[in-house]
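In our numbering, the protein residues as written are 747 to 1047.
Ideal placement from N, C-alpha and C gives every residue a C-beta, glycine not left out.
Since this is a predicted model, take the numbers as computed values, not measurements.
Have a look at the structure below, then the notes.
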């Protein structure tokens, strides 16, 4: 049975901890070898820097041959369906597909394909499991537990697949999730957290996670200026000084400096933003290991 990693919802908490343990082993430079040569296609229908290159680095570290499919010059531009694109690449020997797509739940048309492994690199406003896993790994490295932690997610909640994915899994792992957002960007369908004021969040947070404004997913122009948004909903220098002593700052990036977070805080002592990016490679190695074990097997060396 092929493993697709489309969301973290089907994973038990025990399985999540196993993925984190694998990421930890990869970070400690332990080696893992699959029992046969693997070929993976990266298909990105949306722009990406961190996710695409992090997956590619993870693939190369695992000895996987990588095909970066240029969607702009592929038969997608001639009207080819996602299924036909994947089926074509499968026919020439590709066993794994890392896909980012602008449509929510794009994977519904291909998830029945059980001879390959599909890794969701982000679907519209839906899910972002690899970002969630690297965020979990970063938090776990810091606190060695999720139980009793208060995690604040601040920003464009409605359009954020990061907020949706993180809130669900963090709640299951024992953390309390709370949101800060302008009224227009609240997601009342997200039942895994409560909305609080900025003052409440500053006083109670163990993790303060900022989100990028998802301009490309908005139907109307933002009513805020960059300066007014930063004052109302951003992590300013003054607010950072009021955070709990051990509170860490996170952001999935790309960062709008001096909008969701003050420029000077991006690499401050509390910040784990670039640590998240580093950890993304190990988290994605763990995902690839999990997905391909069912197809070809492998072992730690």
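Distance between residue j and residue i (C-alpha atoms, nearest Å)
i	j	result
residue 946	residue 979	13 Å
residue 1054	residue 845	Residue 1054 lies beyond the stretch modelled for the chain, which goes from 747 to 1047, so this question has no answer here.
residue 889	residue 837	45 Å
residue 982	residue 756	37 Å
residue 819	residue 1030	27 Å
residue 777	residue 1046	6 Å
residue 856	residue 1000	29 Å
residue 839	residue 893	43 Å
residue 879	residue 973	32 Å
residue 828	residue 941	37 Å
residue 782	residue 975	51 Å
residue 921	residue 896	6 Å
residue 863	residue 853	12 Å
residue 908	residue 874	6 Å
residue 923	residue 876	19 Å
residue 899	residue 933	12 Å
Counted within 10 angstroms of its Cβ, other Cβ atoms place residue i as buried (16 or more) or exposed
i	result
residue 930	exposed
residue 824	exposed
residue 821	exposed
residue 759	exposed
residue 779	exposed
residue 774	exposed
residue 927	buried
residue 904	buried
residue 841	buried
residue 1013	exposed
residue 724	Here the chain covers residues 747 to 1047 and nothing more, so residue 724 does not appear.
residue 992	exposed
residue 753	buried
residue 935	exposed
residue 809	exposed
Whole-Å CB distance - residue i paired with residue j, under 8 Å assumed
i	j	result
residue 912	residue 959	The Cβ separation is near 17 Å, so there is no contact.
residue 910	residue 872	7 Å
residue 996	residue 1018	5 Å
Between the segment 748-755 and the segment 1033-1043, are three or more C-beta pairs nearer than 8 Å?
-> Yes: at least three Cβ pairs fall under 8 Å.
Task: Completely contained beta strand (DSSP E) runs for the segment 783-863, where each covers 3 or more residues - done: The qualifying runs are 785-790, 811-815, 842-847.
Are the segment 875-891 and the segment 1018-1035 touching, with three or more C-beta to C-beta distances below 8 Å?
Taking a cut-off of 8 Å on C-beta distances, the segment 875-891 touches the segment 1018-1035, as three or more cross pairs fall below it.
task = Would you mind listing the beta strand (DSSP E) stretches within the segment 891-947 that are 3+ residues and don't spill past its ends, in chain order?
result = Contiguous beta strand (DSSP E) elements confined to the segment 891-947 occur at 896-900, 922-926, taking only those with 3 or more residues.
Unbroken stretches of the alpha helix (DSSP H), 4 residues or longer, contained in the segment 970-1043 | Complete alpha helix (DSSP H) runs here, min 4: 972-979, 983-988, 1019-1042.
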